[in-house]
Amino acid sequence: QGQLSILQEKIDHLERLLAENNEIISNIRDSVINLSESVKDGQKNPEAINFSQGSLELFPSASVLLSVDSEDCLLASKSGSHSSDVQMLDVYDILPFDNPDGGVWKQGFDITYNENEWDSEPLQVFVVPHSHNDPGWLKTFDDYFRDQTQHILNNMVIKLQEDNRRKFIWSEISYFSKWWDGLDSQRKDAVKRLIKDGQFEIVTGGWVMPDEASPHYFALIDQLIEGHQWLERNLGVKPKSGWAVDPFGHSPTMAYLLKRTGFSNMLIQRVHYSVKKHFATRKTLEFFWRQNWDLGSSTDILCHMMPFYSYDVPHTCGPDPKICCQFDFKRLPGGRVSCPWRVPPEAIHAGNIQHRAWMILDQYRKKSKLFRTKVLLAPLGDDFRYTESSEWDQQYQNYQKLFDYMNAHPELHVKAQFGTLSDYFDALRKESNLDEKSSSSFFPVLSGDFFTYADRDHHYWSGYFTSRPFYKRLDRVLESYLRQVLLSNKCIRAAEILYSFALVQSSKSDKMSVFPSVDNYKLLTEARRNLGLFQHHDAITGTAKDWVVVDYGTRLFHSLMNLKKVITDSAHILILKDKSAYNYDTSTPFLKMDDVQSSQDSLPHKTVIKLTMQPRYLLIYNPTEQERFSVVSVHVNSPRVKLLSPLGRPVTVQISAVWDGATTVSHEAYQISFLAHLPPLGIGVYQLLEVPGSEAVLTDYDIYMSGRDSVQEKPDKIFKIKEMQNSVDNIILENSYMKLWFSGMSGLLEKINTKEDGKSHQMKVEFAWYGTTSNRDKSGAYLFLPDGDAKPYIFTDLPTVRVAHGRIFSEVVCFFHHVTHTTRLYNIQGLEGQSLEVSNIVDIRGEYNRELAMRISSDINSRNRFYTDLNGYQIQPRLTMSKLPLQANIYPMTTMAYVQDTGVRLTLHSAQSLGVASLKNGQLEVIMDRRLMQDDNRGLGQGVQDNKITANVFRLLLERRHGTDVNEEKASVSFPSLLSHVTSSFLNHPVIPMTTYADSGVPEMLNTFSPLMSSMPCDIHIVNLRTIQSKVDIEPSDEAALILHRKGFDCKFSNRDTGLLCSTTQGKVKVHKLFKKFQVESLTPASLSLMHSPPDARNISEINMSSMEINTFRIRLR
């Protein structure tokens, strides 16, 4: 019977494959016929194929089918088959998460040892002095530097030189570089000597010690490069170990980035106390951290997890904080800090040294029993320590006496000394023969992550995943701009790439002296550093004082404005037909962005483009590496509009009203929307003009008023607006992919029907409130401590619901008291028509101890499993566990989260980092904002009451899965589909519209600027093209860093009608086929942050990348 059913399954599977193949063949046949017809008619430009009779069936059928080689599917099909010794999902499954009293080590257990254990091999102790300097938290970055940090570093130079046995480590280059700039050459030479002699070590060496939950991997890499490049230029130093004592939970993405940077070791501290105890009992606190997706061991990095509660001195010498505190000599009687256990330290002298040495040795021995070797790490430091010269003396002199005593008494079997982090790891590797052994068998291999963190009781740090969401959103706009312009992280990438192209262009066309390359490079550098600063674990997390948040916001905003200038300046020179006509004049800019943000804490708004009979140029920049059809919306001052494509052909335009509030039509502006066809990383030049009779299509409106005042409209009443009462009848929107049902009462989504398979799915959107517990400890900036399950968002009056029906998009907008919720459906073929755009404008400024969540409930049978991304880089499966409190089941989401069963997957794509959960079967819930009136006792000393009106933007994608089985659902790894990857990329890198300032006398422009030969493969993302700084000054060199990421994807999804205008190529890209406008002079591989070049590094002609890898190349273009 069993054999028969297996046979039947196989036959069914073959029949499905056959049907799909037949479909594929017929699609290819149609495509070939269509293409050959279009070529016969002389239509070689895709635009000519796509825009036929003003219809919106805009894609040639050639792009209907996505071509994916079966080899490209191997990673997803094999992943999860490898074995780690420790898989964190299994650990969470077996842990009871109880919290018994462990004695002096409250969250652990009693540690005992045998005195003769060290007779044959003495204990080696490395005491590592450090000072944890937050670049902003209770004070701003500049205030901390002025009051504390500069004094710490000044004292370091003096005090380390007094005794060559003294050591010190430092991690934050944001502070170090500011200090360095004020030094004379004599002190600079002294620092270099201390580094050379091994007394002073830079650990990690990033711009900051970043949070690991909210940042996107673009920003994590960028701040590493900024720090490492600074170190190379100024000190010639290459860090080799990671040091992360304060981020609130740890991500394997960071482990991967450090490994690819060339690091061998890393250290982490803030991990759930139950996990620490579990690892301590099994001596697995030191392990090789391997990526979930790694089928080999190339991502393994040696990781040390600190065993106790904190990185301060009471919790680092051993298990008993009462005793360890007595060896923090800053707390000697008479000082400003004391020991909470009420037993103060004693200065070491001849009369107490024997007793004191035994006391601390006992702690060292007990701590060492939690590890596998006889090499022990004992950090010695805390926040902003070693500010005063006296503290250097207290700590170093007293410890040196202890070391001298211990080392002079062989019967103690200990060798104790000051050390750097590398001293510790070098000794550890030597003792465990790691560098001699090819296998890593001495230490276990671990895969997975360390979220969500709890430091005691049920105090889970899941609140900060959402805290201050306005700035989490602004961060991503800047990134896109540093790489582009809509969300803060986004601007940097766009500016970097366009600037790199413009720099090459200006040198080719003898305009180098005119193009503001140096000024703009300084703006870019400042933006990189401001973005880097914001990745700090008290910045993007939303866990700083109000005025510090304003300081961060002002820096991001300032850089956003500057990057807009870099983008428009760069686009200016790139788009001119005759480069000799290029003229740079700050008083009369050539281009401007189409949106304006008036302050660091306000939402951007569209500027109104004034139309005349003369064409006005509208440039659209596509910051993604794929050819793209995207709907673009701009505001104009007249509905009598005509839009011409880059080839001068009329383009179909939808004209919509611009609304002031729910029911008032603006008198000043109209929104025009159209489908732009843009080359990868390129610019399309459109023309806007006013005409007597426009052929544009008007949007029609139904407004459900529920008895309110009628619509305020212009006298000319050009729009058809129907006023109605909210009713039990559904509102229906549909396009060629799906049909949507919305409640006629609330306007919220209820059901989706996918047309590919004709199936309907429940898809209920609701809002809900969380309160905070009535216990003494309440929610704050860090902690989420709710008062039970969320309560439904109840509205006493029915909301106004505004439904727009248009040729290019339709939408339903619901106006609630605390949130304006929009669901938009694009009526277009291709990528943007396949998902829903969901946005919320959230305003909870009048609330008291409440948090607002958006919940999507579906009929997907997800069996308590869901999936969240880590840093936009990889997917981590999650298990909602009933043995844990609600707040423990909230996880960070940077770009996406999904639920699935064997038939479908529902993905929520996000343009900002927020906390997400799946508390019931088939459900996704995202916490959008939180307003809390009290401190949560983690040092901040305030609640979160500086809420802003905040925009959250999402895309909701429902995909059909095939060929899956139930066992796959239990795998430790998962991947998005290609469609999902590109959807996320389009959401996080929106197109950038720019207009010319003048409407006449504009020099002739190219129709398009198209730098790439063709779209990059669908699975290869250009993370950045970052111009490298020259060795001398803050100015550009002729070299750039090209950073590529080959994304892992799951092939078990329908690949019909995806609208992806790219294919996959097994990770291979021919270098000479990369660029059209520029020649690649050289391309050589480098480590991720450019610190190292492989020994055999040479100019390569083909890029060959493995799935999931991020590779950096040094590139010269001309």
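As numbered in our numbering, residues 15 to 1132 make up the sequence shown, in order.
We put the CB at the ideal spot given by N, CA and C, even for glycine.
In terms of DSSP beta bridges, what is residue i paired with?
i	result
S866	A small correction: the amino acid at residue 866 is Leu; Ser does not occupy that position in the sequence shown. Looking at the DSSP assignment, L866 forms a beta bridge with W783 and D943.
G395	H144
V826	V817 and T837
M280	G256 and C317
H619	V610
R1040	A1055
M1019	L590
G929	P906 and I941
K773	T768
K698	Just to set this straight, residue 698 is Gly in the shown sequence, not Lys. I634 and T1022, per the DSSP bridge assignment.
E1116	K1084
R497	R507
A233	Answer is none; A233 lacks a bridge partner.
F301	C317
Relative to the ligand NAD, is the shortest distance from any of its heavy atoms to the C-beta of residue i smaller than 7 Å?
i	result
Q368	In the structure on display, the ligand NAD does not appear, and there are no ligands present to speak of.
Could you check if residue i is buried or exposed, using at least 16 other CB atoms within 10 Å of its CB as the buried criterion?
i	result
M627	exposed
P806	exposed
N178	exposed
I732	exposed
D471	exposed
N1118	exposed
Q959	exposed
S461	buried
T894	buried
D156	exposed
V1139	Any question about residue 1139 goes unanswered here, given that the chain covers just 15 to 1132.
S774	exposed
When you compare only the Cα positions, how much space is there between residue i and residue j?
i	j	result
T582	I554	28 Å
V817	T882	32 Å
L577	D609	13 Å
S750	I108	47 Å
R892	L103	8 Å
D469	H286	6 Å
L1131	I1057	15 Å
Q701	R630	5 Å
V1142	A392	Lying outside 15 to 1132, the shown extent of the chain, residue 1142 is not represented and no answer is given.
L762	L938	15 Å
N878	Q243	45 Å
V996	G844	12 Å
K1084	L1102	21 Å
Measure the beta-carbon distance from residue i to residue j and round it to whole angstroms, keeping in mind my assumption that it falls under 8 Å.
i	j	result
G1062	S1115	About 25 Å separates the two Cβ atoms, so there is no contact after all.
S853	N961	Going by Cβ atoms, the distance from S853 to N961 rounds to 18 Å, so no, they are not a contact pair.
A925	R869	Rounded, the Cβ-Cβ distance is 19 Å, inconsistent with contact.
V289	V105	7 Å
G263	A227	6 Å
Y913	S932	For the sequence presented, residue 913 should be read as Val rather than Tyr. With a Cβ gap of about 6 Å, V913 and S932 count as contacting.
I187	G150	So it is not a contact: roughly 15 Å between Cβ atoms.
L426	L375	6 Å
F1067	L993	7 Å
L435	M1008	L435 to M1008, Cβ: 47 Å. No contact.
Y495	L574	6 Å
Y438	V645	Contact doesn't hold; Cβ gap of about 56 Å is too wide.
N651	R642	At roughly 28 Å, the Cβ-Cβ gap does not stay under 8 Å, so N651 and R642 are not in contact.
P813	F830	5 Å
M777	K769	Contact flag wrong, Cβ pair sits at about 15 Å.
D83	Q1080	6 Å
Assess contact between the stretch 255–271 and the stretch 234–242, defined as three or more Cβ pairs (one per stretch) separated by less than 8 Å. Is contact present? yes
Is the stretch 118–126 touching the stretch 358–372 in the sense that three or more CB pairs, one from each, lie closer than 8 Å? no
With three or more beta-carbon pairs closer than 8 Å as the criterion, would you say the stretch 336–347 touches the stretch 298–316? no
State whether the stretch 1022–1030 contacts the stretch 182–201, with contact taken as three or more CB pairs (one from each stretch) at a distance under 8 Å. no
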